[in-house]
Ligand code: SF4
Ligand code: SF4
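Numbering (this note's numbering), first residue to last: 108 to 333.
In structure tokens form, the structure reads like this:
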């Protein structure tokens, strides 16, 4: 299953972010961060104890079912009195959840986690990045294995010279992405795809934030004239 992968910020950074704020309300989330053990009920309770031991007054906490959901505003309503007593909201969700909460509450919102990547669970407690959302997908020609994400150098036209017995020269504990691609294409009898040249990638800065519009959506708008 694909998840938003997070890790708790270093305590020093959290202390700095919370410096001068004495009353805090804590928000967790019941989906990705619960599964990665970074912002579920257990972690929210542990954070509550930790901050109380550091002299903070915790006005309350909630673990939202899905923090990045459209229902977040309504779900937070149930805690509005406790939120009202707090100076700041500490949010233990991915950055998307933090931004969703921030849009709903006129308080300082502090992220307790760093959002690392979109990842797939590959074993108990293990998550591997599967796609960096590069915007120009080539895995149709690489046997379904992504070299942009899986190769340490992000090479898209075959391996570097360092691959050694199927392992990556940068990390001996990791399979070389291009050896995996070669083996997969061989298995599929599609080795000719290795000879196809991928065009140079556009590494110029793109306008931020990224935007995508479905053209037909304009005609579905209730205000659109027919
Ligand atoms: S090439 Fe890799 S990083 Fe780019 S969109 Fe495809 S899977 Fe994602
Ligand atoms: S050894 Fe393989 S995975 Fe590692 S950087 Fe070179 S091509 Fe990429």
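We put the beta carbon where it would ideally sit given N, CA and C, even for glycine.
Just to confirm, does residue i get its C-beta within under 7 Å of one of the non-hydrogen atoms of ligand 3?
i	result
residue 276	Ligand 3 is absent from the structure shown, which contains only ligand 1 and ligand 2.
Can you tell me which residues form a DSSP beta bridge with residue i?
i	result
residue 234	228
residue 195	131 and 215
residue 288	According to DSSP, residue 288 bridges with nothing at all.
residue 115	220
residue 110	226
residue 171	136
residue 271	274
residue 152	Paired residues: none, contrary to the question.
residue 282	274
residue 262	Answer is none; residue 262 lacks a bridge partner.
residue 245	For residue 245, which the question treats as bridged, DSSP gives no partner whatsoever.
residue 165	131
Is the beta carbon of residue i sitting closer than 8 Å to the one on residue j?
i	j	result
residue 174	residue 136	yes
residue 338	residue 145	There is simply no residue 338 to check, as the chain begins at 108 and stops at 333 in what is shown.
residue 342	residue 130	Outside the shown range of the chain (108 to 333) lies residue 342, about which nothing can therefore be said.
residue 112	residue 143	yes
residue 245	residue 305	yes
residue 179	residue 132	no
residue 248	residue 302	no
Is residue i near ligand 1, judged by its Cβ being under 7 Å from some heavy atom?
i	result
residue 258	no
residue 243	yes
residue 239	yes
residue 112	no
residue 246	yes
Taking the straight line between their C-alpha atoms, what separation do you get for residue i and residue j?
i	j	result
residue 312	residue 189	43 Å
residue 229	residue 287	17 Å
residue 201	residue 263	30 Å
residue 110	residue 224	8 Å
residue 253	residue 156	42 Å
residue 125	residue 218	10 Å
residue 322	residue 162	53 Å
residue 128	residue 195	7 Å
residue 278	residue 318	35 Å
residue 199	residue 293	45 Å
residue 177	residue 185	15 Å
residue 255	residue 235	14 Å
residue 160	residue 265	54 Å
residue 241	residue 320	18 Å
residue 203	residue 251	28 Å
residue 116	residue 205	14 Å
residue 238	residue 226	8 Å
residue 121	residue 213	20 Å
residue 361	residue 291	Because the chain here runs from 108 to 333, residue 361 falls outside it and cannot be looked at.
residue 191	residue 154	20 Å
residue 207	residue 216	10 Å
Does the Cβ of residue i lie closer than 7 Å to at least one heavy atom of ligand 2?
i	result
residue 269	yes
residue 253	no
residue 283	yes
residue 262	yes
residue 314	no
residue 231	no
residue 266	yes
Using a Cβ-Cβ cut-off of 8 Å, state whether residue i counts as contacting chain C.
i	result
residue 194	Considering every chain present, this structure includes no chain C. It has just one protein chain.
When the Cβ atoms of the segment 166–180 are set against those of the segment 124–144, are three or more pairs found closer than 8 Å? yes
Three Cβ pairs or more, each shorter than 8 Å: is that satisfied between the segment 306–321 and the segment 270–287? no
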